[in-house]
Amino acid sequence: MAIIKPVRLSVGNTSIRSIVFLSLIFNLSPAFAESTADRIAKTGAEVDEVLEEITIVGDRSMGSLTHLIMKAEDRIYDIFNSMNDDKRYDVACRWEAPINSHIKRRSCRPNFVLNAQSDNARTVHAYMEGSPYATDPSGASYFAVQLYHHFPIFHQKMVASINENPELLEAIVKYNQLKGVVYKEKARRYGDTNVTAPEVDLKDFIQ
């Protein structure tokens, strides 16, 4: 009998966070591109003022800098969740250890992903226990269907929220710039010239 393991997303924790975050950015509707570009320009100036407060990061521990990034990320999801009218699409962040690891990592996922993972785990457990009501989970069709169904809706909700609330756009830009500052500081401290900030310039994705 083949060993059945709970089906996980084909992307890692970091990637799933990128999906959540980048879904705000890619494929933005041209209908509000011009107004969004204007807001980015204004927001960028405002955020630069905020970043001046953390430009001098030499006295901060890397843990403290990482905490700043997490707070900025939380701000994005807090704003979105407060606007969202369907809790299945709220984003929740938590610390968890990947399979075969004891090191916990922060992971942020929409509730529909968490629910699909939980359903899949229960299905696998019931199948392994020999329950007569369990279905063969090897194909994980239900799990995949849930993700393919919900992610486009999630994306639409995120884009709509950006259009409706300038604070959300400001939070995204601040998160992006802050992450760039911290990654450059990591490179300086550890002498790693290969460390590059995963910066995303929103202007590049607005047609």
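Counting with my numbering, you get residues 11 to 217 for the letters of the sequence shown.
Quick reminder that beta carbons are idealized off the backbone N, C-alpha and C, glycines included.
With H, G and I counted as helix, E and B as strand and the rest as coil, what does DSSP make of residue 162?
helix
With a Cβ-Cβ cutoff of 7 Å, do residue 90 and residue 126 count as a contact?
no
Could you tell me the boundaries of the beta strand (DSSP E) in which residue 119 lies?
115-120
Beta-carbon proximity list for residue 99, same chain, < 8 Å, skipping 5 on both sides:
120, 121, 122, 160, 163, 164, 167
Does the separation of the CB atoms of residue 79 and residue 192 fall below 7 Å?
yes
If you draw a straight line from the C-alpha of residue 116 to the C-alpha of residue 189, how long is it?
15 Å
Can you give me the C-alpha to C-alpha distance between residue 158 and residue 129, rounded to a whole angstrom?
16 Å
Check the C-beta distance from residue 174 over to residue 93 and give it rounded, since I have them as a contact under 8 Å.
7 Å
With respect to the alpha helix (DSSP H) encompassing residue 181, which residues constitute its N-terminal and C-terminal limits?
176-200
Below 8 Å on the Cβ atoms is my contact criterion, and I expect residue 83 with residue 185 to pass it. Report the Cβ-Cβ distance as a whole number of Å.
6 Å
Three-state class that DSSP yields for residue 82 in the structure shown
helix
So the candidates are 172, 95, 88; which of them puts its Cα closest to the Cα of residue 101?
88
Assigned secondary structure, residue 102 (DSSP; H/G/I helix, E/B strand, else coil)
strand
Can you tell me which of 108, 112, 124, 75 puts its alpha carbon nearest to the alpha carbon of residue 97?
124
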